[in-house]
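Residue numbers (our numbering), protein chains in the order written: chain Z, 1 to 627; chain R, 628 to 910.
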């Protein structure tokens, strides 16, 4: 057992290399370097995984488990001779710095790994997801369930030997497209065909019963309702399903609550209604193909999604001899777009949160006005309002157009014809700040908003870190952790802005953090404007790769501070070649998904009406939650 | 003071309410006349008040880079030398770079030598699968596939008319010039002229060549027509004589039919196939 003496402060702030050296010294038998080409971090013997994790957290200061996921190395053959499943963990310090990556390997046929939930509660949903998609069992996990798929689902789809219903080939591009051009509609080919697999013992007439009854048993309830006594009065507790179709859930999302009167005793989120196995699709795709698919994750801020993904893949591509990093102008354009999406995201989040707490649609429509104009700008630059698909490896899709105009200008040259820079300047200096002023005037001192949100949905600082929350949820609980500052990327180090933090940890604190963050975004945008002016002659597209970019072998984790929190992409390039055109593994660390982990804890003891507001204050998008 | 925050918010709402009439006062009834440029003021950075557009009565014009389902650029139909000639060379890059793989191309072959020629025999795009990412247009080295602005593609039956073929996809070069004047001009600059010059071999470069090509085409077409007419005279209702066709049980889907009927259908199909093969003489 690890000794729990007072942790050494030096160890907690040292470099990653020091930490790894200390770890190897402490656990000489269990910890070894990951020596595979292109890989980093350490491999931990799974027998001592929990002790190592506890030591990392307690003594080395890695208090934040950002991502936990798995990779299936079936028939990969390059790095190892035996096929195995591998758990990959990324741990960070909330004081900043890069990741300590540690891995645990397990057999494919008998995949068991100790759960890390006792160390970091944030591993809860992520391990459930790994169990669901890879079939790794976690010992001592409090609630291991199929979190995204339904219980009758046959097999674990992220395993390399699992084939999807419309399976055509292992990787795109498919051979049937060219030069033969055998056009077909997939659904016609497989109409009621053998594309769906069921477990042998399933009773198709009673599909949902198993999972549902298990779920209710988890609440300590059988078929009968539970009796409780309040001041001598005996009443029943109720189980209430909220969702999947409920306006407050921002999509198809369901919460099962055990109610005592109007107070919530237990709450469990159920998700996966929009699950499409984004990650499996991502493995079939080429590296480039994935960019438009990332748009569909958090569709409110697709620019940020693009950014995280290209950052991850650029880490791999950087090992190419002929790789040229993005030009300065490309970086400036990326930051411009990402910060605008952050404002859009927060306007949207605050607006719909207000819907949830009762200010129905009046404020949100005022905010949508501004969002419309910013999306007009996206449309003119990137070609689409929401599915921007703007960033490329080594640059961006295209530079800013000289004028934001429509094709109708041929007939009438006064329709929506603006000089781009003039439009941006007016938006950034006048229009958006004015909207945020309006927003504050309308809400910040509004008594109803305050009464509804102050002291509701409290998440303490320790819990926020422990649950791996990210974004405004984390910063609203007093943790000044913003990846743009803690682990900087792009040109953020040279930009002047503050990290918005509030200490209260309630809904109002999250609202305040969002407002403050929008103001900081405007501060950044104001610094971007002169940079756009003086890089005007530089090319932003010069380094755009070809359509067949190949990534050298290795792993990479790219993460950005998206509007909803830390968006991370874990990509692995592996196989029997020197470089690959398709990812071996493509994992999305979705903030919307992981931020839901503490929803149950936050809602305990709250009223039903508050739960809706708490969910709104977390700000989820189901496209990203369910993936 | 208690209630002050509320009041301030109400005043703001009132201001928005009043501002929503700004347009009406400014434009009067001109707003409703069809050719007034009222979008300009509604979409601008200085706009106040109502910003919505009454779709489908009013439609916002699309910016140049707007992208929707792709189309193929062909030479103008009234072009003297190469009317309606495809710019596409069936190189297959768009099919490879398409993320959802919604493009199918049949590469053209020379009828005599059997070697591939830079021309697509057939080109299909399943618009239900297309995700409008624009990669095909971005990576096409011949400027032959472009993203359209026509977004009203809904139809009553998705199963029959959502796979677009070459005929449906092809649009004239001048359409692209209208759609995106700036970009079309930039591309032409790079190419060195409005015409597509990449494939001199298969393209007609002089008037005589164009005329002879047209004449050849005409004779070919006439020949085919004559042959078809002759064939039609020879064996009327050919398909009926191919063998028995077993009709399924009425009101039942194929998979609900009894084993017996399914077996019959299968045998019937095999029989028809054998008859057809014998006719062709490849037994």
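In this text, a Cβ means the ideal position worked out from N, Cα and C, and glycines have one as well. On a predicted model such as this, the values are computed, not experimentally measured, just so you know.
Strictly below 8 Å CB to CB, what residues from chain Z border residue i?
{"i": "residue 717 (chain R)", "result": "178 and 179"}
{"i": "residue 945 (chain R)", "result": "Absent from the model: residue 945 (chain R). The displayed extent of chain R is 628 to 910, so no value can be given."}
{"i": "residue 945 (chain R)", "result": "Missing from the structure shown is residue 945 (chain R); chain R here goes from 628 to 910 and no further."}
Strictly under 8 Å for the Cβ-Cβ distance: is residue i near chain R by that measure?
{"i": "residue 529 (chain Z)", "result": "no"}
{"i": "residue 628 (chain Z)", "result": "No information on residue 628 (chain Z) is available, as it lies outside the stretch 1 to 627 that chain Z covers here."}
{"i": "residue 366 (chain Z)", "result": "yes"}
{"i": "residue 293 (chain Z)", "result": "yes"}
{"i": "residue 547 (chain Z)", "result": "yes"}
{"i": "residue 469 (chain Z)", "result": "no"}
{"i": "residue 555 (chain Z)", "result": "no"}
{"i": "residue 173 (chain Z)", "result": "yes"}
{"i": "residue 423 (chain Z)", "result": "yes"}
{"i": "residue 283 (chain Z)", "result": "no"}
Going along chain R in order, which residues have a C-beta closer than 8 Å to the C-beta of residue i?
{"i": "residue 427 (chain Z)", "result": "672"}
{"i": "residue 404 (chain Z)", "result": "690"}
{"i": "residue 277 (chain Z)", "result": "In chain order: nothing, as chain R lies at least about 14 Å away."}
{"i": "residue 431 (chain Z)", "result": "672"}
Give the single residue among the options whose Cα lies nearest to the Cα of residue i.
{"i": "residue 48 (chain Z)", "options": "Z:41, Z:42 and Z:27", "result": "Z:27"}
{"i": "residue 269 (chain Z)", "options": "Z:485, Z:617 and Z:601", "result": "Z:601"}
{"i": "residue 840 (chain R)", "options": "R:683, R:798 and R:712", "result": "R:712"}
{"i": "residue 559 (chain Z)", "options": "Z:532, Z:50, Z:308 and Z:572", "result": "Z:308"}
{"i": "residue 301 (chain Z)", "options": "Z:51, Z:128, Z:389 and Z:519", "result": "Z:389"}
{"i": "residue 19 (chain Z)", "options": "Z:50, Z:60 and Z:36", "result": "Z:60"}
{"i": "residue 494 (chain Z)", "options": "Z:531, Z:473 and Z:471", "result": "Z:531"}
{"i": "residue 571 (chain Z)", "options": "Z:584, Z:400 and Z:579", "result": "Z:584"}
{"i": "residue 525 (chain Z)", "options": "Z:439, Z:122, Z:129 and Z:431", "result": "Z:431"}
{"i": "residue 337 (chain Z)", "options": "Z:622, Z:75 and Z:384", "result": "Z:384"}
{"i": "residue 628 (chain Z)", "options": "Z:158, Z:132 and Z:155", "result": "What is shown of chain Z runs 1 to 627, which leaves residue 628 (chain Z) out entirely."}
{"i": "residue 748 (chain R)", "options": "R:780, R:646, R:718 and R:726", "result": "R:718"}
Can you grab the Cα-Cα spacing for the pair residue i / residue j, in whole Å?
{"i": "residue 516 (chain Z)", "j": "residue 500 (chain Z)", "result": "6 Å"}
{"i": "residue 587 (chain Z)", "j": "residue 279 (chain Z)", "result": "6 Å"}
{"i": "residue 32 (chain Z)", "j": "residue 793 (chain R)", "result": "59 Å"}
{"i": "residue 715 (chain R)", "j": "residue 563 (chain Z)", "result": "42 Å"}
{"i": "residue 885 (chain R)", "j": "residue 891 (chain R)", "result": "10 Å"}
{"i": "residue 183 (chain Z)", "j": "residue 721 (chain R)", "result": "15 Å"}
{"i": "residue 63 (chain Z)", "j": "residue 790 (chain R)", "result": "53 Å"}
{"i": "residue 321 (chain Z)", "j": "residue 579 (chain Z)", "result": "12 Å"}
{"i": "residue 107 (chain Z)", "j": "residue 72 (chain Z)", "result": "10 Å"}
{"i": "residue 266 (chain Z)", "j": "residue 239 (chain Z)", "result": "9 Å"}
{"i": "residue 771 (chain R)", "j": "residue 692 (chain R)", "result": "16 Å"}
{"i": "residue 281 (chain Z)", "j": "residue 625 (chain Z)", "result": "16 Å"}
{"i": "residue 86 (chain Z)", "j": "residue 127 (chain Z)", "result": "13 Å"}
{"i": "residue 295 (chain Z)", "j": "residue 851 (chain R)", "result": "50 Å"}
{"i": "residue 623 (chain Z)", "j": "residue 568 (chain Z)", "result": "15 Å"}
If we define contact as Cβ-Cβ less than 8 Å, is residue i a contact residue for chain Z?
{"i": "residue 760 (chain R)", "result": "yes"}
{"i": "residue 653 (chain R)", "result": "no"}
{"i": "residue 863 (chain R)", "result": "In this prediction, residue 863 (chain R) has a pLDDT of 48, which is less than 50 and means its spatial position is unreliable; what the coordinates show is noted afterwards. Chain Z, which has no Cβ nearer than 8 Å to the Cβ of residue 863 (chain R), makes this no."}
{"i": "residue 788 (chain R)", "result": "no"}
{"i": "residue 868 (chain R)", "result": "Only weak support is given to the placement of residue 868 (chain R): the predicted model assigns it a pLDDT of 48, under 50, and the value that follows is read from those uncertain coordinates. For residue 868 (chain R), the answer is no, since every Cβ of chain Z falls outside 8 Å of its Cβ."}
{"i": "residue 899 (chain R)", "result": "no"}
So with CB distances below 7 Å, who are the chain R contacts of residue i?
{"i": "residue 497 (chain Z)", "result": "Chain R residues near residue 497 (chain Z): none, gap ~24 Å exceeds 7 Å."}
{"i": "residue 289 (chain Z)", "result": "726"}
Starting from residue i, find everything on chain Z with Cβ-Cβ shorter than 7 Å and list it in chain order.
{"i": "residue 645 (chain R)", "result": "Those do not exist, as residue 645 (chain R) stays about 14 Å from chain Z at its closest Cβ, beyond 7 Å."}
{"i": "residue 678 (chain R)", "result": "369 and 372"}
So which residues of chain C does residue i contact, with C-beta pairs closer than 8 Å?
{"i": "residue 448 (chain Z)", "result": "Reference to chain C is not applicable here, since the protein chains of this structure are Z and R."}
Starting from residue i, find everything on chain Z with Cβ-Cβ shorter than 9 Å and list it in chain order.
{"i": "residue 749 (chain R)", "result": "181 and 183"}
For a contact defined as C-beta to C-beta under 9 Å, what are the partners of residue i on chain R?
{"i": "residue 445 (chain Z)", "result": "631, 632, 633, 635 and 636"}
Less than 7 Å between the CB of residue i and some heavy atom of the ligand COA, yes or no?
{"i": "residue 282 (chain Z)", "result": "In the structure shown, the ligand COA is absent, as is every other ligand, since no ligand is present at all."}
Would you list, in chain order, the members of the region 717-745 of chain R that have their beta-carbon closer than 8 Å to a beta-carbon of chain Z?
Going along the region 717-745 of chain R in chain order, one finds 717, 719, 720, 722, 723, 724, 725, 726, 728, 730, 731, 732, 733, 734 and 743 with a Cβ nearer than 8 Å to chain Z.
Chain-ordered residues of the region 368-399 of chain Z with a beta carbon less than 8 Å from chain R
369, 372, 373, 376, 379, 380, 381, 382, 383, 384, 387, 389, 397 and 398
Residues in the region 689-712 of chain R with C-beta within 8 Å of chain Z's C-beta atoms, listed in sequence order?
689, 690, 691, 692, 693 and 694
Name the residues in the region 763-782 of chain R whose C-beta lies less than 9 Å from a C-beta of chain Z; which are they?
765, 766, 774 and 776
What are the residues in the region 353-365 of chain Z lying within 8 Å of chain R by C-beta distance?
362
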